[in-house]
Amino acid sequence: MQLTFHELNDKINIGNVDDGGMKMSEFKELYLSEYMPKSELVVEEHEVLLPKFPVIDVHTHFGSVLLGPDYEKFFDTEEVVKKFKSFGVKNIVNLDGKWGDELIRSLNKIHPHEDFIITFGSIDVTKLDDSDFESYVRKTLHESKERGIRGLKFLKDVSLVHKDKSGKYIAVDDPRLQVIWATAAELGLPVLIHIADPVAFFRPVDRFNERYEELSAHPNWSYHKPGMYTFEELLDMQENLLESNPDTTFIIAHCGSYPENLGYVARSLDRYPNMYVDIGARIAELGRQPYSARKFFIKYQDRILFATDVSPLNPCYPIYYRFLETWDEYFDYSDEPIPPQGRWKIYGIGLEDEVLEKVYYKNAEKVMRITEE
Ligand SMILES: [Zn+2]
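Just so we're aligned: the sequence shown equals residues 707 to 1079 in our numbering.
This is the structure:
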């Protein structure tokens, strides 16, 4: 017979002197989902509502990616711009510009706030097998640039959702896509690309998976499925992409795809001068390894771009500012009662002004060539 933890402990405790404390059996068995411990640690806390320097957020979604096809009706651009500015943000990059009529629609929605909302476009990679794919890419990118895009964005769907005619998932380093990277370089458009996801999303979903709770809430986020590229294969493609296109500037989203392993990201940054990283939606990862993260930010202060990965409805800047600017210890990275990316807390990394200034806006200005004008 298998005993529960409580029954086992009560058995062990039989015969112990009653010391007035509670017995194991008086405790209620809890499901993991019910457990929400409150820290009793008493340490300094700082609310950082405004950043020390103006901020450019290079990773936001003001279009269909987070809000769905009717995204326009969910926010009033004027109000949202005011709200974002109230957090000390001087520019945001909307990555959902897409191409063609969708781009026009997206630009209409943000008008007349183009000075605040910078738009990145994209390419329909599902046209990859079309005989005129190359001319489609060149024409679209030239047109989109004329309409005002400042860069390109590719979602993780390139390799994790879309398949080519042969039924294989499109590899991000597929030579047929080369025309995109080459044209982007010609037109001076940086490419922000999301390649992998948290490494645990590619591992078996079992009791050892550190994102089990997150995956059980979003089962479709697991890529541990036959036929899908593995995490390691995606990283190989990422390196190949960087290596084969030295003239194209890549911002590899979510801390270079591998915030769990900053040593790996550091080696990539050393090897590929055309690589930058954004920190969008990854302070939970960075903040749980504050010593490594601080060293990483200091060493690669010219290559890291501030980002949050938010929609217009949920700006969450103060927590990023607290992580980057303070030495606060053991705080929540999210307002949700159960930390959504994993049951841990984070620590601030107290960056110096010189580093903050670059990460907050100077690197983004350099990459998007804003300072040249
Ligand atoms: Zn995103």
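All residues carry an ideal CB built from backbone N, CA and C; glycine is no exception.
Cβ neighbour criterion (16 or more within 10 Å) applied to residue i
i, result
"Tyr818", "Looking at the sequence provided, one finds Pro at residue 818 rather than Tyr. Exposed."
"Leu738", "exposed"
"His900", "buried"
"Lys859", "buried"
"Pro896", "buried"
"Phe914", "exposed"
"Arg1028", "buried"
"Asp984", "buried"
"Asp879", "buried"
"Met943", "buried"
"Leu801", "buried"
"Thr1077", "exposed"
"Ser865", "buried"
"Phe956", "buried"
"Phe1037", "buried"
"Val786", "buried"
"Asn924", "Contrary to the premise, residue 924 reads as His rather than Asn in this sequence. The residue is exposed, with fewer than 16 neighbouring Cβ atoms inside 10 Å."
"Arg973", "exposed"
"Glu1042", "exposed"
"Glu991", "buried"
"Glu746", "exposed"
"Gly769", "buried"
"Ser922", "exposed"
"Pro881", "exposed"
"Thr710", "exposed"
Own chain residues within Cβ distance below 6 Å of residue i, not counting five before or after
i, result
"Trp887", "Asn951, Thr954"
"His848", "none"
"Tyr970", "Tyr964"
"Val771", "Asp802"
"Lys804", "Ser828"
"Val754", "Pro1024, Tyr1027, Arg1028, Glu1031"
"Glu1035", "Val749, Tyr1053"
7 Å CB neighbourhood of residue i in its chain, flanking five on each side removed
i, result
"Ser1082", "Because residue 1082 is not part of the residues shown, which for the chain are 707 to 1079, the question remains open."
"Gln1033", "Reading off the sequence shown, one finds Trp at residue 1033, where the question assumed Gln. The residues are Gly1054, Gly1056."
"Glu1063", "Phe759"
"Lys1068", "none"
"Tyr978", "Leu948, Glu949"
"Gln1007", "Val1061, Lys1064, Val1065"
"Asn797", "Ile762, Phe822, Ile824"
"Glu1099", "Nothing in the structure corresponds to residue 1099, since the chain is present only between 707 and 1079."
"Asn946", "Asp879"
"Trp1050", "Arg994"
Nonlocal neighbours in the same chain, by C-beta distance under 8 Å from residue i, ignoring five residues either side
i, result
"Thr1014", "Asp763, His765, Thr766, Gly986, Ala987, Pro1021, Cys1022, Tyr1023, Tyr1026"
"Arg917", "Pro904, Ala906, Phe907, Gln1047, Gly1048"
"Ile989", "Ile1025, Tyr1026, Phe1029, Tyr1039, Ile1052"
Integer-rounded CB distance, given that residue j should sit under 8 Å from residue i
i, j, result
"Phe1003", "Ile1044", "With 8 Å as the limit, Phe1003 and Ile1044 do not qualify as a contact, their Cβ atoms being about 28 Å apart."
"Leu948", "Tyr982", "Rounded, the Cβ-Cβ distance is 11 Å, inconsistent with contact."
"Gly827", "Ser841", "The pair is not a contact, with the Cβ atoms about 17 Å apart (cut-off 8 Å)."
"Leu1030", "Arg1009", "Contact doesn't hold; Cβ gap of about 15 Å is too wide."
"Arg844", "Thr889", "5 Å"
"Gly857", "Leu898", "6 Å"
"Ala902", "Leu861", "Not confirmed; about 12 Å, so no contact."
"Val831", "Leu883", "7 Å"
"Leu1019", "Phe781", "6 Å"
Distance cut-off 6 Å: residue i Cβ against heavy atoms of ligand 2
i, result
"Asp802", "For the structure depicted, ligand 2 is absent and the ligand set comprises only ligand 1."
Worksheet item: Using 8 Å as the threshold, is the stretch 922-940 in touch with the stretch 990-1001, meaning 3 or more CB pairs across them?
Response: With the cut-off at 8 Å, the stretch 922-940 and the stretch 990-1001 do not touch.
Discussion item. Across the stretch 787-801 and the stretch 832-850, are there enough close Cβ pairs to call them in contact, namely three or more that are closer than 8 Å?
Written reply: The stretch 787-801, when compared against the stretch 832-850, does not touch it at the 8 Å Cβ threshold.
Worksheet item: Counting Cβ pairs closer than 8 Å, one from the stretch 772-780 and one from the stretch 735-749, do we hit at least three?
Response: In short, these stretches do not touch, since the Cβ pair count stays below three.
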